[in-house]
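Novice: Got a structure for you, questions after.
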């Protein structure tokens, strides 16, 4: 399996060769400063999950490698509680995981494993929630190592994403990679908080399921990197900016 780089210049990357991870780290090096990257995998018809109802059935070995590379370049991985519940999401190997949950319901999580198979410590989990959700977080994560950040949800009991990002930056978490689900992705895009979209497109028609993005916003996407593998899976980076 090889990766052909279409942009910015044509070349070949062998994901199985020595030094491949370093090569991909260089390809996916984020811009300096505080940034929000949105990292998603989708079908050709824009669906967020495969036949099993999760994104796991869409991913490839190369996609998982790129996911790890993007996480390695981030200060935190940001996800919504629905993704935790639907995919039994576990702790990343290196990068702290931040979970947004208004309700605090994280049943079905995969956070119990705090070490890898080779004994290395997995990353911390921080749950950002409201006053109303804090007790539920503590119940559903009882016995599981985690931290809780409570933000004022106001009368609507919501978590404004601008305030969430500001709170994370106060903790020194400046480079954020958001991995969904679709509601979080759409919210970040609608609020124009995403600097870069990293999107893997698999050559498959799902026909049903949740759209990967349902945002009431129009943004310009400038290609920064396009890779394609032997199976026709497209891996891309796009810088996002308001329409001119």
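In the working numbering, the protein residues as written are 13 to 256.
Note that beta-carbon positions come from the ideal geometry of N, C-alpha and C, so glycine has one too.
These figures come from a predicted structure and were not determined experimentally.
Would you report the Cα separation of residue 221 and residue 181, rounded to the nearest angstrom?
Specialist: One C-alpha to the other measures close to 34 angstroms.
Novice: Using 8 angstroms for Cβ pairs, my map puts residue 187 next to residue 47. What's the rounded Cβ distance?
Specialist: Yes, they are in contact, since the Cβ atoms of residue 187 and residue 47 sit about 5 angstroms apart, within 8 angstroms.
Novice: Can you look up residue 223 in the DSSP assignment and give me helix, strand or coil?
Specialist: Strand at residue 223.
Novice: Going by DSSP in three states, residue 96 sits in which element: helix, strand or coil?
Specialist: Helix.
Novice: Quick one: residues in its chain with C-beta nearer than 8 angstroms to the C-beta of residue 193, no 5 flanking neighbours on either side, listed in chain order?
Specialist: 60, 91, 92, 94, 95, 98, 222, listed in sequence order.
Novice: Thinking just about the alpha-carbon of each residue, which of 32, 138, 74 is nearest to the one in residue 123?
Specialist: If we check each option's Cα against that of residue 123, 138 comes out closest.
Novice: Going by C-alpha to C-alpha distance, which of 235, 241, 255 sits closest to residue 248?
Specialist: Nearest C-alpha to residue 248: 235.
Novice: Would you kindly report the start and end of the unbroken beta strand (DSSP E) that includes residue 208?
Specialist: Taken as a continuous stretch (DSSP letters only), the beta strand (DSSP E) holding residue 208 covers 208-214.
Novice: Please look up how many angstroms separate the CB atoms of residue 116 and residue 86, rounded, as I've assumed it's under 8 angstroms.
Specialist: Contact flag wrong, Cβ pair sits at about 24 angstroms.
Novice: In terms of residue numbering, what span does the beta strand (DSSP E) encompassing residue 70 cover?
Specialist: Per DSSP, residue 70 belongs to no beta strand (DSSP E) and is neither H nor E.
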